[in-house]
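The block underneath contains the structure these notes are about, expressed in structure tokens.
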Amino acid sequence: MPHDFANDAEAARWNYRPPQPLTLNPLFVWPPNPRAVWQWYRGAWLMITALTVPLAIALVIWALVLPPLEQMKTFQFGWIFTVWMMNVIPQTLVAGALHWWLYMRRGQGMQKKFDKRDLTRKNGTFTFSNQVLDNIWWTLGSAMSVATVYQCIILWVMANGWVPVVSFADHPVWSLIWMALIPTWSSLHFYWVHRLEHHPRLYKHVHAVHHRNVNVGPWSGISNHWFENMFYFTTYFVHLVVPSNPLHLMFHVYFQQISPVFSHCGFEKLIAKDAEIARSGDFFHQLHHRYFECNYGTSEIPFDRWFGTFHDGSEAGTTQTRAHKKQMYTR
Ligand SMILES: [Zn+2]
Ligand SMILES: [Zn+2]
0 MPHDFANDAE AARWNYRPPQ PLTLNPLFVW PPNPRAVWQW YRGAWLMITA
50 LTVPLAIALV IWALVLPPLE QMKTFQFGWI FTVWMMNVIP QTLVAGALHW
100 WLYMRRGQGM QKKFDKRDLT RKNGTFTFSN QVLDNIWWTL GSAMSVATVY
150 QCIILWVMAN GWVPVVSFAD HPVWSLIWMA LIPTWSSLHF YWVHRLEHHP
200 RLYKHVHAVH HRNVNVGPWS GISNHWFENM FYFTTYFVHL VVPSNPLHLM
250 FHVYFQQISP VFSHCGFEKL IAKDAEIARS GDFFHQLHHR YFECNYGTSE
300 IPFDRWFGTF HDGSEAGTTQ TRAHKKQMYT R
């Protein structure tokens, strides 16, 4: 039964905890288990998830909103403003909707909610002394601004033909493979950037803003300090190196910006009228927010297992993380 806890200490910490040990991408397990790999990728790509929602948004925005590349050869207020809106509106709609359903309307009560506590109000750690307002400010102010600047630079370089731009019609196989690999690239980039941010100095002045959220909510996803966002969004510059289409950039953008809304929402699944409608939260990353020095990456590429920082959700994982933390700070 997924709800049973190893002991009282664990029970006191969580409202709900998925079965442990947490599973990581079976692609990296030896001997190979094709069935598990198929189920892993089917679960990610063929259901409503933190991956397919960004893909759907990317397709719609790319087809209907993104200005043609010819218009973006020179920096002009019109298209730059459009790109900014392309960031702000979907982010607000998705994070706002999840926040409303889970924390205001309390549509599914405590079902599949990891943390026992509600989001924080009247707490001086947060900007405006309110967790949600703090998170909205760092998302819409800091994250959306940095993301817009980077995207505009990339689109401008593409528009001027200074890097190869591929079309889906001319290079369908490459285009699809590259689409499928974007989450893997993002995961790889995220691990190393995130690891860097846990360097004590950077942590104290920069990454601590994201970690104010020990108990996370939908708006916490990319609630980051300006400097953190300057690192975090460098992932997009891969499109100046790897031949891409603007649609690749769009998918990358929404994957990078919208999927953290789901992974930080604090609930494992979204439930309406007793039916599970989407996979959402990510206990793997929830553990990072609770215990800090573990699970720096994602479950997509098992860097944490390889480097000994994997917390599998169990009591033993907590003990191990605490020992690692002590060692880090007494060096
Ligand atoms: Zn962190
Ligand atoms: Zn986080």
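Numbering that gives the first Met the number 0 applies: residue 0 is where the sequence shown begins, and numbers increase by one. Ideal Cβ positions, reconstructed from N, Cα and C, are used throughout, including at glycine.
A Cβ-Cβ contact shorter than 7 Å links Trp61 with Leu246. For the pair Met178 and Ala57, the CB atoms are not nearer than the 7 Å cut-off. By the C-beta density criterion, Trp191 is exposed, having fewer than 16 other C-beta atoms within 10 angstroms.
Residues Cys293, Asn294, His310, Gly312 of the same chain have their beta carbon placed closer than 7 Å to that of Leu286, with the five preceding and five following residues left out of the count. Take the alpha-carbon of Gln150 and the one of Thr124: they are about 32 Å apart. For Asn122, the closest C-alpha among the options Ala142, His193, Arg211 is that of Arg211.
Between the alpha carbons of Gly140 and Ala146 lies a distance of about 10 Å. By the criterion of at least three beta-carbon pairs nearer than 8 Å, the stretch 256-264 is in contact with the stretch 273-292. Ranked by Cα distance from His209, the first of His284, Thr233, Phe167 is His284. The three-state reading of DSSP puts Ala168 in coil, since its state is none of H, G, I, E or B.
Per DSSP, reduced to three states, the secondary structure at Leu201 is helical. Lys268 is bridged by DSSP to Arg278. Contact between Ser174 and Asn244 holds: CB atoms are separated by about 6 Å, below the 8 Å threshold. For Gln319, the enclosing alpha helix (DSSP H) begins and ends at 314-329.
Boundaries of the alpha helix (DSSP H) around Gly95: 76-98. One thing to note: Met71 has its Cβ within 7 Å of the Cβ of Trp155. Comparing C-alpha distances from Gln319 to each of Ile135, Phe291, Val131, Ile152 shows the shortest one belongs to Phe291. When rounded, the separation of the alpha-carbon atoms in Ser144 and Asn24 is 33 Å. The beta carbon of Pro163 is closer than 8 Å to those of Pro242 in its chain, skipping five residues each way along the sequence.
The three-state reading of DSSP puts Asn134 in helix, counting H, G and I together. If you draw a straight line from the Cα of His193 to the Cα of Lys324, it is about 16 Å long. Only residues of its own chain outside the window of five on either side were considered, and among them Ser174, Asn244 have a CB closer than 8 Å to the CB of Ser166, listed in chain order. The C-beta separation of Trp218 from Asn134 comes to about 4 Å, placing the pair in contact by the 8 Å criterion. Residues whose Cβ lies closer than 6 Å to any heavy atom of ligand 2, listed in chain order: His209, His263, His284, His288. Boundaries of the alpha helix (DSSP H) around Val260: 245-262.
Looking only at Met157, Ile270, Val64, the smallest Cα-Cα distance to Gln110 is reached by Ile270. DSSP places Cys151 in the uninterrupted alpha helix (DSSP H) bounded by 143-158. Taking C-beta atoms under 8 Å as the contact rule, Leu132 and Gly216 fail to qualify, at a distance of about 12 Å.
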